[in-house]
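This note's numbering puts the last residue of the sequence shown at 150; the count rises by one with no breaks.
Where is the CB? At the ideal position from N, CA and C, for every residue including glycine.
The structure displayed is predicted, hence computed values, not measured ones.
All remarks here apply to the structure that follows.
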Amino acid sequence: MTEILIMPAAATDADRLTALIQQCSAYRGVYAPMIAGYRVTPEYLARHEVHLAVRAADDHLLGFYALVTEPADLDLMFVADEAQGLGTGRLLITHMLDRARALGLTGGVKVVSHPPAEAFYLRMGAERVGTFPARPPIGWDRPELRFAL
């Protein structure tokens, strides 16, 4: 079994986080506009709670999340294709919720979900609270969820 470490992102991780987003197969076809041209910047990493999941043996990036703290919002969460279904996402969600509590956030953490990821978030304990309406360049509604803290 592969040991996975969760650690804070550094400014030097911006390029590899961007690469992970751009390589994610869940954003091909109709969902491509969601990430077209998207970049994680060192400034973004400095402003938000961003944590990586890496393989302990070689620091290979398996996934990450970005928690915006004001208001509490899971802004980004990506798991590498090869790490899907192996518990990486569960580790990241558990860590994110623990961090939110440690930071004293209340009222829950909002998630505007990629539609195919909704079932994952529901399995992790989120509750559907609404629908985020389509806005260009994204031409479809997205599930709005909330994790209780």
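Practice task
Check whether the segment 120-131 touches the segment 42-62, taking contact to mean three or more Cβ pairs, one atom from each stretch, closer than 8 Å.
Solution key: no
Handout entry: Nearest-angstrom beta carbon gap, Leu123 and Ala73 [assumed within contact, 8 Å]
Key = On the sequence shown, residue 73 is found 72 positions in, with the first residue counted as 1. On the sequence shown, residue 123 is found 122 positions in, with the first residue counted as 1. Between Leu123 and Ala73 the Cβ distance is about 18 Å, and since that is not below 8 Å, they are no contact.
Problem - Inter-stretch contact (C-beta, 8 Å, three-pair minimum) for the segment 64-72 and the segment 134-148 - result: no
Exercise for the section: Could you check what DSSP says for Val41 in three-state terms: helix, strand or coil? Expected result: Sequence index remark: in the sequence shown, residue 41 carries index 40 (1-based). Here Val41 sits in coil by DSSP.
Practice task
Locate the beta strand (DSSP E) running through Asp76, then write down its first and last residues.
Solution key: Residue 76 sits at position 75 when you count from the first residue of the sequence shown. Counting along the chain, the beta strand (DSSP E) containing Asp76 begins and ends at 73-80.
Exercise for the section: For Ala33, name the three-state secondary structure that DSSP assigns. Expected result: Position 32 of the sequence shown, counting from 1, holds the residue named residue 33. Here Ala33 sits in helix by DSSP.
Handout entry: Where the alpha helix (DSSP H) containing His61 begins and where it ends
Key = By one-based count along the sequence shown, residue 61 stands at place 60. Where His61 is concerned, there is no enclosing alpha helix (DSSP H), given that its DSSP letter is neither H nor E.
Problem - Proximity to Pro95 [Cα-Cα], best of Met35, Val41, Gly38, Ala54 - result: As a position in the sequence shown, residue 95 is number 94, starting the count at 1. One detail in the question is off: residue 95 reads as Thr in this sequence, not Pro. The candidate whose alpha carbon is nearest that of Thr95 is Ala54.
Problem - With 16 other Cβ atoms within 10 Å as the buried cut-off, status of Pro9 - result: Numbered from its first residue, the sequence shown carries residue 9 at position 8. Pro9 comes out exposed.
Problem - Whether Phe79 touches Leu6 by CB criterion (8 Å) - result: In the sequence shown, counting from the first residue as 1, residue 79 sits at position 78. In the sequence shown, counting from the first residue as 1, residue 6 sits at position 5. Contact flag unset, no.
Exercise for the section: Tell me the start and end of each unbroken alpha helix (DSSP H) in the segment 73-147 that is at least 4 residues and wholly inside, in chain order. Expected result: Complete alpha helix (DSSP H) runs here, min 4: 89-103, 119-124.
Exercise for the section: Can you grab the Cα-Cα spacing for the pair Glu50 / Leu104, in whole Å? Expected result: By 1-based counting over the sequence shown, the position of residue 50 is 49. By 1-based counting over the sequence shown, the position of residue 104 is 103. Cα to Cα, the separation comes out at about 10 Å.
Exercise for the section: Please list, in chain order, all residues of the same chain as Tyr28 whose beta carbon is under 8 Å from its beta carbon, the five residues on each side excluded. Expected result: Looking up residue 28 in the sequence shown gives position 27. Hits under 8 Å: Ile22, Met35, Ile36, His115.
Practice task
State buried or exposed for Asp14, treating a residue as buried only when at least 16 other CB atoms are found within 10 Å of its CB.
Solution key: Reading the sequence shown from its first residue, position 13 is the one you call residue 14. Result: buried.
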